[in-house]
Structure formats: C-alpha cells, structure tokens
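Heads up, the thing below is written out as structure tokens.
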Amino acid sequence: MAKPLLGYLDAAFIAILDELVTMLKIAYRRPDGLTIPLSSTGTSAMEAGIAALTEPGDTLIVGIAGYFGRRIAEIATRHGVQVVEAVSTPGDQVSIEDVLELLNAHPEARLVALVHAETSAGVRQQLGELSRALAFGDTLLMVDCVTSFAGNELEPANWSIDYAYSCTQKCLGAPPGMAPVTLSERAMERIRSRHAPTPFTLDFERLARYWVERPAAYHHTPPALNVYALHEALRLLLEEGLEQRWTRHTIAGRRLQAGLEELGLQLLANEESRLPQLTAVQVPEGIDGRAVQRELLDQHGLEIGGGLDASAPPIWRIGLMGPNATPATADRVLDAFETVLAQHASLTTKSRR
Ligand SMILES: Cc1ncc(COP(=O)(O)O)c(C=O)c1O
2 MAKPLLGYLD
12 AAFIAILDEL
22 VTMLKIAYRR
32 PDGLTIPLSS
42 TGTSAMEAGI
52 AALTEPGDTL
62 IVGIAGYFGR
72 RIAEIATRHG
82 VQVVEAVSTP
92 GDQVSIEDVL
102 ELLNAHPEAR
112 LVALVHAETS
122 AGVRQQLGEL
132 SRALAFGDTL
142 LMVDCVTSFA
152 GNELEPANWS
162 IDYAYSCTQK
172 CLGAPPGMAP
182 VTLSERAMER
192 IRSRHAPTPF
202 TLDFERLARY
212 WVERPAAYHH
222 TPPALNVYAL
232 HEALRLLLEE
242 GLEQRWTRHT
252 IAGRRLQAGL
262 EELGLQLLAN
272 EESRLPQLTA
282 VQVPEGIDGR
292 AVQRELLDQH
302 GLEIGGGLDA
312 SAPPIWRIGL
322 MGPNATPATA
332 DRVLDAFETV
342 LAQHASLTTK
352 SRR
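Structure representation (structure tokens):
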C-alpha cells in the first residue's frame with residue numbers, strides 16, 4: 002500500500018486488476034459467472050445482491066441466526082421486498098428443513114439468503130439439502146460469506162450459490178474497504194432480465210466492463226491502495242493454499258475454544274454449529290464483560306468484541322482470523338483471559354496444558 006498510486010486506466014493498474022480477478026476466481030472456485038471485488042464494505046455487497054437479484058414486491062426467504070441475518074432482512078425491506086424469515090434458536094444455525102418448508106409455502110420466492118458465518122453469534126451455517134433444492138428453478142441463493150471466505154470450506158459453484166459476497170478485513174487479513182463477490186451465470190441472467198433498473202453504483206454489468214472486459218471502461222475510480230492490498234492478500238492466500246488456510250483457522254479456533262472451556266467458560270454456539278474463526282463466549286454471572294474487554298486491551302493489547310446490539314446476550318466475541326489464526330495467538334488470548342478473569346472473580350480454573 003506504500004507503492005505509488007496508479008491511475009484507474011493505467012496499463013500497469015489494469016494488469017494488477019487482471020491478476021486480482023484471476024486469483025479471486027481461484028479463491029471462490031468459480032470459473033464462470035462474474036467474480037470481482039466491489040469498492041465497498043461487506044454491507045454494501047449485501048445490499049448489492051438484494052438490489053440486483055430482487056425487485057420491489059418480490060419475496061425473499063432469509064435465515065436468521067443473529068445480527069447479520071437481521072440486517073439482510075432490514076435491507077430487503079427497505080428495497081420493498083416481502084421478507085419471510087426462518088429464525089434459529091440462539092446459538093444454533095438456521096434449520097434447513099424450516100427454509101425448505103418456507104420455500105414450499107412460498108414458491109414465488111425469488112431469493113433465499115443465508116449467512117454462512119454469523120459473526121454476531123459464532124455460528125456456522127451448513128446449506129445441506131438447500132443447494133440441491135435450489136440447483137434448478139427460479140429461486141436463487143445468496144450467501145453472506147463475509148466471515149467464511151478464506152476461513153471455512155466454501156464451494157459457491159458446487160453448492161449452487163448464485164451470489165456470495167465477502168469483505169477484505171476478515172479471514173483474508175487485508176485492510177477493510179473492498180468486498181470480493183461472485184455471481185453465477187443464473188444470477189447474471191436474472192440481472193439481464195430485470196424490469197426495474199439496478200442502482201448505478203451496484204450495476205454488475207457495468208462493473209464487469211471495468212473489472213473484466215477489455216479495454217476497460219470507466220465506471221468509478223477504485224481505491225487503488227486497497228486494490229494493491231487485496232491483490233497481495235489473495236497472493237498470500239493462494240501461496241498458502243486455500244484448504245491449508247481453512248485448516249489453519251480450524252486448528253487455531255478449536256485450540257482457543259478448548260482452552261476457554263477448560264477455564265470454565267461457556268461458548269454460545271452449539272458444538273456442531275460452531276465457527277472456528279469467531280468464538281462467542283458467554284460472560285459469566287457477576288462479571289463485568291465490558292471491564293474485561295477494556296483490561297484485555299489496555300493491559301494485554303488484545304481487542305475483543307462484545308454483543309453487537311441490545312438484543313444480544315452478554316457475550317465476548319473473539320476473532321482469530323487471517324494472520325491471527327495461529328495456535329500462538331490462541332494461547333496468548335487464553336493467557337490474557339486467565340489473568341484478567343482471575344482479577345475479576347475466582348473462577349474454578351483447571352490447568353489447560
Ligand atoms: C457476517 C457479516 N456480514 C456482513 C458484515 C458487514 O461487513 P462490513 O462491516 O464490512 O460492512 C459483517 C461485518 O462484520 C459480518 O460479520
């Protein structure tokens with residue numbers, strides 16, 4: 002990111018874009034359709050999918066296992082879409098049987114949306130039978146892969162995902178500011194046959210003319226430094242290997258989770274729905290969760306999250322993503338937690354090693 006800024010149509014910059022898109026297609030494992038980064042946040046990529054794949058009055062079925070599922074519902078409602086919700090029990094993933102039942106009851110649904118890795122609760126969503134059910138027909142599948150991309154197994158083409166979106170600041174380990182997305186051929190066909198126009202900034206056909214078609218046609222000025230950073234993050238991902246990166250996240254996350262349980266702490270997500278890269282920990286009775294967060298930051302240089310809104314139970318959220326997904330970081334977090342919690346309460350601590 003310290004390299005000189007290049008103009009958005011400079012031949013050297015276009016060569017970087019071409020390499021970036023090639024790497025992104027490998028990382029998303031989708032050779033066809035359209036795979037590009039948006040110059041946007043993860044939330045804008047969420048909105049881009051809803052804006053492109055639905056029209057006002059359409060029906061959307063959304064699976065809600067936490068804050069980001071609710072955000073999909075809110076954005077869709079603002080776009081005049083009829084939202085039908087399948088809500089999970091707290092700490093669990095959305096039941097695919099429930100989604101399939103809603104699909105039966107609403108055959109007119111144009112889109113099903115799920116959050117693959119629900120960062121607010123540390124919950125991982127499996128798609129199960131849904132992929133097969135949606136492989137043919139008119140209902141498309143949109144999956145929020147903000148936290149799962151480069152962290153968990155993800156096969157958009159094999160799983161019939163028509164629109165997957167992510168962002169740079171999670172398991173890719175790059176600075177925030179860009180949102181890698183991938184669309185299936187079916188999704189592009191839906192976009193081409195729309196009646197209502199798409200918002201100009203989120204127009205995937207226009208974006209393709211800049212990011213993929215050559216000569217490149219101006220659509221907007223991309224953030225050049227973030228493009229360099231994403232290019233490098235993808236290069237590092239492919240150098241490490243996609244599957245090796247998934248495994249690294251799993252090993253680090255499981256080590257952290259086992260250690261937290263040995264400290265006597267309870268995790269929010271059920272074991273079978275637990276994400277490795279984001280662990281939600283229940284704040285024990287009588288402990289001031291925010292004070293613990295502050296002390297972890299001030300005394301140990303570790304920033305962890307809390308609940309994302311007032312409806313969240315008292316939790317801490319610990320992310321081990323990108324370069325932080327290592328056993329060494331997991332141990333550092335555990336040591337810091339043990340020290341800070343000991344100052345706060347006499348938890349029954351067992352030795353973890
Ligand atoms: C699952 C999920 N979806 C969407 C978003 C929104 O991404 P952004 O904050 O980049 O807008 C986040 C952010 O943490 C997320 O975790």
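Counting in the working numbering, the sequence shown runs from 2 upward without gaps. Note that the Cβ used here is the ideal one computed from N, Cα and C, for glycine as well. Because the structure is a prediction, the values reported are computed rather than measured.
Kindly identify the DSSP beta-bridge partner or partners of M143.
Note: M143 sits in a beta bridge opposite A114, Y164.
Taking the straight line between their C-alpha atoms, what separation do you get for L184 and Y164?
Taking the straight line from one Cα to the other gives about 5 angstroms.
May I ask you to verify whether the segment 62-71 touches the segment 184-200, counting CB pairs closer than 8 angstroms and requiring at least 3?
no
Within 10 Å of its beta-carbon, does Y219 have 16 or more other beta-carbons around it, so buried, or fewer, so exposed?
exposed
Nonlocal neighbours in the same chain, by C-beta distance under 7 angstroms from G50, ignoring five residues either side:
Result list for G50: M143, Y164, Y166, in chain order.
Determine, using beta carbons only, whether L269 comes closer than 8 angstroms to chain C.
This model lacks chain C altogether; it includes just one protein chain.
Using a Cβ-Cβ cutoff of less than 6 angstroms, which residues in the same chain neighbour L128 once the five nearest sequence positions on both sides are dropped?
W160
Residues bridged to A180 [DSSP beta-bridge criterion]
L39
Can E206 be considered in contact with ligand 1, in the sense that its beta carbon sits closer than 7 angstroms to one or more heavy atoms?
Not under cutoff, so the answer is no.
So, with DSSP's three-state summary, where would you put V341?
DSSP places V341 within a helical segment (H, G or I) once states are collapsed to three.
Name the residue from A74, L25, P38 whose alpha carbon lies nearest to the alpha carbon of N227.
P38
Alpha carbon to alpha carbon, how far is P216 from R275? Give it in angstroms, no decimals.
45 angstroms
So if DSSP puts A197 in a beta bridge, which residue, or which two residues, is it bridged to?
According to DSSP, A197 bridges with nothing at all.
Looking at P315 and G290, is the spacing between their C-beta atoms short of 8 angstroms?
yes
For A337, count neighbouring C-beta atoms within 10 Å of its own C-beta (all shown protein chains included) and say buried if the count is 16 or more, exposed if not.
buried
When every heavy atom of ligand 1 is checked, does at least one fall within less than 7 angstroms of the C-beta of P224?
no
Quickly, what does DSSP pair R246 with across the bridge? List them, please.
Answer by DSSP bridge pairing: none, since R246 is not bridged.
Using 8 angstroms as the threshold, is the segment 113-127 in touch with the segment 92-99, meaning 3 or more CB pairs across them?
yes
So the candidates are R71, V116, L131; which of them puts its Cα closest to the Cα of V100?
Its Cα nearest to that of V100, the residue L131 stands out among R71, V116, L131.
Any heavy atom of ligand 1 closer than 7 angstroms to the CB of F14?
no
Taking the CB atoms as reference points, tell me whether A110 and T140 lie closer together than 8 angstroms.
yes
Assuming the contact rule is C-beta atoms closer than 8 angstroms, T55 and L112 should be a hit. Round their C-beta distance to whole Å, please.
Taking a contact as a CB-CB distance under 8 angstroms, the pair T55 and L112 counts as one, their CB atoms being some 5 angstroms apart.
For L321 and L257, which I take to be in contact (beta-carbon distance under 8 angstroms), what is that distance rounded to the nearest angstrom?
Yes, L321 and L257 are in contact; Cβ-Cβ is about 6 angstroms, under 8 angstroms.
Ignore the nearest five residues each way along the sequence and tell me which others in L335's own chain have a CB closer than 6 angstroms to its CB.
G260
I76 - DSSP class collapsed to helix/strand/coil
helix
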